[in-house]
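Asker: Below are the structure tokens for one structure; questions will follow.
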């Protein structure tokens, strides 16, 4: 391009494209993070299966979102009465004289594909170690094809929730709660793993086989979140630095209080709970990362750490739902908390991002909090309801759960004829 034609507007446009693409690439690294966390928190006999699932929910989700999901999410909804977009299938874009329109469309599609894949991946942890691989492929497609993009349209694509003023800057509800509610539906429909509960109903601990993997996975997710939240500006400007700080403080706060809470309850600081605390803080700060102060971000994270530990225990011991990785507690529970916190702590006037504060605690009244509750409640009805229907339909057709023999043998050999640790042995000497 001729340097003489590079106007300030065109330079800023190209900067926006580059930053958003970099952010999307960072979000893609979260796929590796999810795979490592889930593998580490489950048993060695299922490691290859989990790696397959976390690879192919991205593969199948990318195709489904390209063919249908993106159009449902961001297409014109006039013909659907606001329910979903009905234009844009086939994705034929018309560039302007600088190619700006076309390149931005591809940029946004790439970035949003990473988010759609994340929503599908969240489910994997809750249904680990007992799901048929064919069933997993089917529901991964359906999430990226239909469930995620339609709710995404309501919140981000100009739909009715966005018209109400619903705020979810980077996806506490759109991505994480939607994925978390579907995860809860899947765990309920599958039932617990063999040996998870005694005849008297008391849960049995099934330790993960590699906490090093789990810890590395959390660090990868933490890094990826610096694309997830700051790049949701879809603009290369100064606000990305502040959003990176709120993101980091949310994660640190969640990890700190999860560690302290587990220390109090279990008499020892528990690594798995502490790791999930960091993820819970990241999920919670995702919706309000752009409209809260740094102290508020830390407080939101601190609360999330307590919530994730309490939720894990409640789901396992009271609801009797087997969630091997705590996916529901991390993504669903704290996605809801972060969405509500957006209405409580919104400080737009203080931050200079709006004319007035929307947060209840900053003089904004109840309006925004009620809108946030409506958005979170809608996600529950939509994602959990459709999730139950989807898993029930899969169960009654191709089958949802692996056989008892396959589950006991391990999904690696039963489903893939692979052994993640072929030839590896551990010798114990006295």
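Numbering (my numbering), first residue to last: 12 to 441. C-beta: ideal position from N, C-alpha, C; glycine also.
By the DSSP assignment, the alpha helix (DSSP H) with residue 244 in it spans what residues?
Answerer: No alpha helix (DSSP H) holds residue 244; DSSP gives it neither H nor E.
Asker: When the Cβ atoms of the region 140-158 are set against those of the region 67-74, are three or more pairs found closer than 8 Å?
Answerer: Flag = yes, the region 140-158 and the region 67-74 touch.
Asker: Is the number of C-beta pairs between the region 362-372 and the region 203-223 that are closer than 8 Å three or more?
Answerer: Flag = no, the region 362-372 and the region 203-223 do not touch.
Asker: Can you tell which of 51, 115, 92 has its C-alpha closest to the C-alpha of residue 24?
Answerer: Per the Cα distances, 115.
Asker: Indicate the three-state DSSP secondary structure (helix, strand or coil) for residue 19 in the structure shown.
Answerer: Looking at residue 19 - three-state DSSP - the assignment turns out to be helix.
Asker: Mind checking residue 355: buried by the 16 CB within 10 Å criterion, or exposed?
Answerer: Result: buried.
Asker: Using beta-carbon positions only, say whether residue 139 and residue 20 come within less than 8 Å of one another.
Answerer: No.
Asker: Report yes or no: do the region 285-293 and the region 221-236 share at least 3 C-beta pairs separated by less than 8 Å?
Answerer: Yes, the region 285-293 is in contact with the region 221-236.
Asker: Report yes if the C-beta distance between residue 97 and residue 90 is below 8 Å; otherwise report no.
Answerer: Contact flag set, yes.
Asker: What's the gap between the Cα of residue 281 and the Cα of residue 268?
Answerer: The alpha-carbon atoms of residue 281 and residue 268 are separated by roughly 11 Å.
Asker: Tell me, please, whether the region 148-168 touches the region 122-129 by the rule of three or more beta-carbon pairs shorter than 8 Å.
Answerer: A contact exists between the region 148-168 and the region 122-129.
Asker: Near residue 124, which residues of its chain fall below 6 Å by C-beta distance, leaving aside the five closest residues on each side in sequence?
Answerer: Counting only Cβ-Cβ distances below 6 Å, and skipping sequence neighbours, we find 73, 76.
Asker: Could you check if residue 405 is buried or exposed, using at least 16 other CB atoms within 10 Å of its CB as the buried criterion?
Answerer: It counts as buried.
Asker: By the three-class DSSP mapping on this structure, what secondary structure does residue 299 have?
Answerer: In the structure shown, residue 299 sits in coil (DSSP, three-state: anything other than H, G, I, E or B).
Asker: I'd like the list of long-range same chain contacts for residue 18, defined as Cβ closer than 6 Å, with 5 residues on each side in sequence excluded.
Answerer: For residue 18, where only same-chain residues beyond five positions count, there are no Cβ hits under 6 Å.
Asker: Buried or exposed for residue 159, going by 16 or more other Cβ atoms inside 10 Å?
Answerer: The residue in question, residue 159, is buried, as its Cβ has 16 or more Cβ neighbours within 10 Å.
Asker: Do residue 52 and residue 273 have their CB atoms nearer than 8 Å?
Answerer: No; because the gap between Cβ atoms is not below 8 Å, this pair is not in contact.
Asker: In this structure, does DSSP put residue 412 in helix, strand or coil?
Answerer: Strand, per DSSP.
Asker: Does the distance from the CB of residue 265 to the CB of residue 315 come in under 8 Å?
Answerer: Cβ atoms of residue 265 and residue 315: closer than 8 Å.
Asker: Which value, in whole angstroms, describes the spacing of the CA atoms of residue 136 and residue 41?
Answerer: If I take the Cα positions, the gap works out to 14 Å.
Asker: If we count the other Cβ atoms within 10 Å of its Cβ and call it buried at 16 or more, is residue 328 buried or exposed?
Answerer: Exposed, because fewer than 16 other Cβ atoms sit within 10 Å of the Cβ of residue 328.
Asker: Applying the criterion that 16 or more other CB atoms from any shown protein chain within 10 Å of the CB defines a buried residue, is residue 428 buried or exposed?
Answerer: Residue 428 should be labelled exposed.
Asker: Grab the span of the alpha helix (DSSP H) containing residue 389 for me, first residue to last.
Answerer: Residue 389 -> alpha helix (DSSP H) spans 378-390.
Asker: Along the chain, which unbroken stretches of the beta strand (DSSP E) at least 3 residues long are found entirely within the region 35-92?
Answerer: Taking only runs of at least 3 residues, no beta strand (DSSP E) segment lies wholly in the region 35-92.
Asker: Ignoring anything shorter than 4 residues, give me the alpha helix (DSSP H) runs that lie fully in the region 190-271, in order along the chain.
Answerer: With a minimum length of 4 residues, the continuous alpha helix (DSSP H) runs that stay inside the region 190-271 are 222-239.
Asker: Given that a residue counts as buried once 16 or more other Cβ atoms are within 10 Å of its Cβ, and exposed if not, what is residue 426?
Answerer: Flag for residue 426 reads buried.
Asker: Hey, could you find the ends of the alpha helix (DSSP H) residue 157 is sitting in?
Answerer: Counting along the chain, residue 157 falls outside any alpha helix (DSSP H), and DSSP gives it neither H nor E.
Asker: Which of helix, strand or coil does DSSP assign to residue 98?
Answerer: Three-state result, residue 98: coil.
Asker: When the distance is taken between beta carbons, is residue 289 closer than 8 Å to residue 239?
Answerer: No. Outside cutoff.
Asker: Excluding five sequence neighbours on each side, which residues of the same chain lie with their C-beta closer than 7 Å to the C-beta of residue 391?
Answerer: If we look at residue 391 and ignore the five residues flanking it on each side, its Cβ neighbours are 192.
Asker: Note the first and the last residue of the continuous alpha helix (DSSP H) segment covering residue 448.
Answerer: In the structure as shown, the chain begins at 12 and stops at 441. Residue 448 is therefore absent and cannot be evaluated.
Asker: Check each candidate in 424, 166, 395 and name the one with the smallest Cα separation from residue 88.
Answerer: Closest option to residue 88, Cα to Cα, is 166.
Asker: Would you decide whether residue 54 is buried or exposed? Buried here means 16 or more other CB atoms lie within 10 Å of its CB.
Answerer: Residue 54 is buried by the Cβ-count criterion.
Asker: May I ask you to report which of helix, strand or coil DSSP gives residue 142?
Answerer: Of the three classes helix, strand and coil, the one that applies to residue 142 here is strand, per DSSP.
Asker: Can you tell me where the alpha helix (DSSP H) with residue 173 in it begins and where it stops?
Answerer: Unbroken alpha helix (DSSP H) run through residue 173: 171-175.
Asker: Where do the ends of the alpha helix (DSSP H) carrying residue 324 lie?
Answerer: Residues 305-324.
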